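Okay, so here's the structure we're looking at.
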């Protein structure tokens with residue numbers, strides 16, 4: 017007997033949120049929940065609504081209190097306190113390869129947000145952390161395996177020079193992510209942001225300060241073309 021196809025409305029109006037239930041049909045991945053600024057009750061309700069209409073749900077900027085509540089509601093889900101990401105559902109088969117580089121260890125939380133986003137979206141990820149320009153020989157030691165990637169995500173604070181160096185060494189498209197890590201007049205990430213925007217190395221695109229999610233999403237989309 018032929019199984020009847022269930023029609024899903026384009027969006028669910030919850031009053032405080034209008035959940036896009038057709039995002040996966042248009043973009044290939046369901047709506048992702050940005051949790052910062054939302055109440056715990058709102059987050060749990062939105063996640064449940066997305067989960068009901070899709071095979072996976074991902075939430076970003078999840079604090080530890082909300083993470084515990086989500087784990088209780090979705091026991092099979094996984095929470096990364098470092099990346100501030102929670103996800104649950106059927107994960108996609110991982111394909112291609114994205115390399116994620118950081119200038120320093122302090123950039124890892126932003127890098128992990130990018131890494132987990134890309135993995136949940138179905139991309140293979142290799143992490144190469146703490147290879148900043150103060151010791152560029154560290155980066156060169158990984159040159160061979162980096163060249164096997166389809167896309168690079170380069171995360172850096174301080175002076176934000178690492179994406180330019182990578183852009184001069186590697187032939188892959190680069191998503192540069194400035195972070196709010198740095199001394200003195202770092203201006204909460206504005207300094208590395210301006211450096212990356214003004215890079216003379218070709219093939220670099222720049223996302224906003226600390227936007228690991230945006231970088232992971234774009235990189236995964238390119239990786240799966």
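Residue numbers (the numbering used here): 17 to 241.
In this text, a Cβ means the ideal position worked out from N, Cα and C, and glycines have one as well.
Please read these numbers as outputs of a predicted model, since none were measured by experiment.
Where does the unbroken alpha helix (DSSP H) through residue 43 begin, and where does it stop? Its alpha helix (DSSP H) spans residues 39-43.
Cβ neighbour criterion (16 or more within 10 Å) applied to residue 102: It is buried - the Cβ of residue 102 has at least 16 other Cβ atoms within 10 Å.
Is residue 159 buried or exposed, if buried means 16 or more other CB atoms sit within 10 Å of its CB? That one is exposed.
For the 8 Å Cβ check, are there 3 or more pairs between the region 148-157 and the region 189-203? No: the two stretches stay apart, fewer than three of their Cβ pairs being nearer than 8 Å.
Whole alpha helix (DSSP H) elements within the region 62-109, 4-residue minimum: The alpha helix (DSSP H) runs of length 4 or more contained entirely in the region 62-109 are, from start to end of the chain, 80-89.
Taking the DSSP output, what are the residues bridged to residue 139? Looking at the DSSP assignment, residue 139 forms a beta bridge with 111.
In whole angstroms, what separates the C-alpha of residue 21 from that of residue 89? With a pLDDT of 48 at residue 21, under the threshold of 50, the modelled position of that residue is not reliable, and no figure is offered here.
Taking the C-alpha atoms as reference points, what is the distance between residue 120 and residue 28? Whole-angstrom Cα-Cα distance: 42 Å.
Starting from the N-terminal side, write out each stretch of the alpha helix (DSSP H) that is 4 residues or longer and does not extend beyond the region 163-188. For the region 163-188, whole alpha helix (DSSP H) runs of length 4 or above, ordered along the chain, are 178-185.
C-alpha gap between residue 200 and residue 207, whole angstroms: Going by the C-alpha atoms only, they are around 10 Å apart.
Close Cβ partners of residue 37 (< 7 Å) along its chain, the five nearest in sequence each way excluded: Contacts found: 24, 25, 26, 27, 28, 69.
If you reduce the DSSP assignment to three classes, tell me which class residue 17 lands in. Unreliable positioning characterises residue 17 in this predicted model, as indicated by a pLDDT of 44, which lies under 50. A coordinate reading is not provided.
Tell me, please, which residues DSSP counts as bridged to residue 194. In the DSSP output, where bridge partners are listed per residue, residue 194 has 172.
For residue 158, which beta-bridge partners are listed by DSSP? Residue pairing by DSSP leaves residue 158 without any beta bridge partner.
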